[in-house]
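S.K.: Sharing a structure here in structure tokens format.
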Amino acid sequence: ANAALDALAERRRADGLPATSVAWGLWGGGGMGDGEGAAYLRRRGVRPMDPQDALTELFRAVAAGEAQITVTDTDWERFALGFTSHRPSPLISALVVPASASAPAAGNGNPAGPRPRDPRAELAALGPAERAAAVRTLVRTEAAAVLGYESPDEIAADEPFTLAGFDSLAVAEFRRRLATAAATELTPEAFYDHNTPDALAAHLLDLLQDPAGAAGPAEGHGPGDTTLVAVYRSAVADSRVAEAVEALGAVSALRPDFTDPGQQPVTPVRLADGPAGDRGPLLIAVTGTTAVSGPAEFAALAAALAGRRTVAALPQPGFRPGELLPGTLEALCGAHAEAITRYAAGRPYALIGHSAGANVAHALTRHLEARGTGPAALVLADLYTPSAPGAMGTWRDVMLRWAADRAVVPLDDTRLTAMGAFHRLLLDWAPRPTRAPVLHLRAGEPMAAWTDPLTDWRSVWDGAHTVADVPGNHFTMMTEHAPTMARTVDAWLDALPGGDR
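Using my numbering, the letters of the sequence shown map in sequence onto residues 128 to 628.
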């Protein structure tokens with residue numbers, strides 16, 4: 128919309144007519160600046176503008192004869208940390224250099240500078256109890272700083288990070304801060320495997336005492352990439368993603384796989400807790416199948432449901448080094464079914480999936496129903512089927528480029544080949560009826576322009592009991608618009624027979 132207005136303003140200027148196109152940041156004073164998504168934007172450095180200040184800037188722009196301006200109240204250093212988390216941005220770099228990037232590296236050879244800290248040596252000088260307490264304090268202090276809390280005491284030691292307000296970009300910033308403070312880099316998955324401050328502190332303490340298990344340097348962009356990563360990035364840039372995914376599928380066939388679910392157990396990741404004594408269905412999220420998928424996809428949704436409903440995520444097997452890939456869709460569903468049986472422990476549950484993860488969630492529902500342990504409900508968010516890809520067939524390059532650009536999980540060979548393997552597994556999957564009631568959520572905004580007047584770009588699911596459109600596009604419905612999606616899902620589950628609490 129802004130690009131269209133910019134073009135209109137330029138056209139009018141070329142015709143000698145007045146025009147000023149304004150790209151607005153977040154307005155305060157009520158409305159969107161105080162509604163859903165506002166906290167999400169504030170954590171990223173986009174602050175609500177005082178309406179009077181915004182109008183003053185508008186008057187200045189019109190008086191100065193500007194054709195195009197942007198008016199925003201942005202903490203650029205905080206914004207840059209998230210926006211450039213896994214890829215450089217020349218535009219943002221021209222505005223600000225994030226503190227983490229501009230700070231001199233430890234041991235840079237500057238004899239006049241302060242001697243670099245050695246966190247391991249500092250910890251080694253402490254007794255066991257003091258050492259553990261110091262790491263716990265470090266984790267809670269950095270967590271509070273990321274979320275803008277005044278005191279680390281506001282971070283509960285035994286509650287999931289998502290309950291405190293963490294989403295995927297907050298995790299990325301948290302990871303950077305801990306890497307700087309502790310001189311030990313944690314993998315992105317560590318924050319979901321050890322999803323409370325106490326659990327993460329114990330994990331970090333183990334790494335500091337035995338650094339062999341710590342993550343190496345983050346994957347780079349360019350010369351440091353492996354061949355597969357470099358080829359995939361090139362394919363995304365050249366809009367040849369379909370060919371790249373097919374090739375990755377062929378390569379994935381060379382990786383070890385499992386056909387017995389017991390060979391590769393799946394461990395659900397706890398994302399949010401419901402109220403005490405809650406008897407309503409658990410919400411179990413089936414993560415996606417792209418190379419950057421994982422529990423972080425559902426962090427914003429879980430944060431919006433915290434205190435209302437217990438939320439957990441099922442990571443897909445094969446996306447981490449050493450994990451086996453599923454050899455068949457049946458084996459995959461079997462592994463997930465065993466995990467759900469252990470986690471739910473007889474309590475009713477609902478499944479939710481987004482995009483290709485929704486395809487897996489549907490297949491898993493059918494598998495569980497055949498076992499007699501099916502979910503109470505199934506939520507399918509903006510899915511496209513292999514047999515009828517619809518807009519996904521047109522937008523696949525756009526979608527995967529969007530996902531890669533905003534990912535907080537670094538690309539590597541393991542993740543890329545896992546994506547190729549899941550692409551192979553789902554090629555023959557087809558939608559079939561389920562006994563569980565289905566809520567079909569559709570994105571309210573297209574990923575790109577849609578010009579075909581004979582077809583609809585929206586997701587289609589013929590077996591849905593309820594269809595609801597939610598704000599945002601295929602991705603933002605899960606992030607800044609997650610509060611609306613959460614309310615829609617929660618209200619629908621409550622309205623089901625036996626769904627009330």
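The beta carbon of each residue, even a glycine, is placed where N, CA and C say it ideally should be. Note that this is a predicted model, so its numbers are computed, not measured.
So the candidates are R140, T544, V565; which of them puts its Cα closest to the Cα of T417?
M.R.: T544
S.K.: With DSSP as the reference, label Q195 as helix, strand or coil.
M.R.: Three-state result, Q195: strand.
S.K.: Considering Cα atoms alone, identify which of D200, F186, T183, P560 is closest to V633.
M.R.: The requested residue 633 does not occur in the structure, where the chain is confined to residues 128 to 628.
S.K.: Rounded to a whole number of angstroms, what is the C-alpha to C-alpha distance between T274 and A283?
M.R.: Sequence check: residue 274 is Leu here, not Thr. Inter-residue distance for L274 and A283 is about 13 Å (C-alpha atoms, whole angstroms).
S.K.: Under three-state DSSP, which class holds R474?
M.R.: coil
S.K.: Measuring straight from C-alpha to C-alpha, what distance separates A472 and T437?
M.R.: 14 Å
S.K.: Assuming the contact rule is C-beta atoms closer than 8 Å, L553 and V597 should be a hit. Round their C-beta distance to whole Å, please.
M.R.: Between the beta-carbon of L553 and that of V597 there is about 24 Å, and that puts the pair past the 8 Å contact cut.
S.K.: From this set, W151, W154, L153, A194, which residue's C-alpha is nearest A141's C-alpha?
M.R.: It is A194 whose Cα lies nearest to the Cα of A141.
S.K.: Give the straight-line distance between the Cα atoms of L253 and H321, rounded to the nearest whole angstrom.
M.R.: 24 Å
S.K.: Using a Cβ-Cβ cut-off of 7 Å (strictly less than) and excluding sequence neighbours within five positions of A485, which residues of its own chain qualify?
M.R.: L507, A508, L510
S.K.: What does DSSP give as the partner residue(s) for G480 in the beta ladder?
M.R.: V413, L507
S.K.: Going by the beta-carbon positions, is the gap between G480 and A490 smaller than 7 Å?
M.R.: no
S.K.: Got a sec: does the ligand GTP put a non-hydrogen atom nearer than 6 Å to the Cβ of D621?
M.R.: By its list of ligands, the structure shown contains no ligand whatsoever, and the ligand GTP lies outside what it can speak to.
S.K.: Could you pull the start and end residues of the beta strand (DSSP E) that V393 belongs to?
M.R.: Segment: none, V393 is in no beta strand (DSSP E) and carries neither H nor E.
S.K.: Exposed or buried, which one is T578 when buried takes at least 16 other CB atoms within 10 Å?
M.R.: Flag for T578 reads exposed.
S.K.: Cutting at 8 Å between CB atoms, please list the residues of its own chain near T593, excluding the five before and the five after it.
M.R.: P564, V565, L566, H567, W619
S.K.: For E137, which residues in the same chain have their Cβ closer than 7 Å to its Cβ, ignoring the five residues on either side in sequence?
M.R.: A194
S.K.: Is it buried or exposed for L409, if we count other Cβ within 10 angstroms and need 16 for buried?
M.R.: buried
S.K.: For the alpha helix (DSSP H) containing L327, name the first residue and the last one.
M.R.: 324 to 336
S.K.: Do the CB positions of R304 and E269 come within less than 7 Å of each other?
M.R.: Yes, they are a contact pair.
S.K.: How is P178 classed by DSSP in three states: helix, strand or coil?
M.R.: helix
S.K.: Once DSSP output is grouped into helix, strand and coil, what is the label at A232?
M.R.: At A232 the pLDDT is 43, less than 50, meaning the model places this residue with poor confidence; the figure from the coordinates comes in the next sentence. Residue state, collapsed to three classes: coil.
S.K.: When you compare the CB positions of A518 and W584, do they come within less than 7 Å of one another, or not?
M.R.: yes
S.K.: Label G590 either buried or exposed according to how many other C-beta atoms from any shown protein chain fall within 10 Å of its C-beta, with 16 as the threshold for buried.
M.R.: The residue in question, G590, is exposed, as its Cβ has fewer than 16 Cβ neighbours within 10 Å.
S.K.: D365: buried (16+ other C-beta within 10 angstroms of its C-beta) or exposed?
M.R.: exposed
S.K.: First and last residue of the beta strand (DSSP E) that includes H567?
M.R.: 565 to 570
S.K.: Would you grab the beta carbon distance between G376 and H550 for me? Rounded to a whole angstrom, and I think it's under 8 Å.
M.R.: 5 Å
S.K.: For D384 versus L313, is the C-beta spacing smaller than 7 Å?
M.R.: no
S.K.: How should Q391 be labelled, buried or exposed, when 16 other C-beta atoms within 10 angstroms of its C-beta is the threshold for buried?
M.R.: buried
S.K.: Report the three-state DSSP secondary structure of F293 (helix, strand or coil).
M.R.: coil
S.K.: Thinking A464 and L495 are a contact (beta carbons under 8 Å), I'd like their distance in whole angstroms, please.
M.R.: 6 Å
S.K.: Taking DSSP as the reference, what is the three-state secondary structure of P453?
M.R.: strand
S.K.: Note down the Cα distance separating A433 from A427, rounded to an integer number of angstroms.
M.R.: Looking at the two C-alpha atoms, the distance is approximately 10 Å.
S.K.: Let me know if Q179 comes out buried or exposed under the rule of 16 or more other beta-carbons within 10 Å of its beta-carbon.
M.R.: exposed
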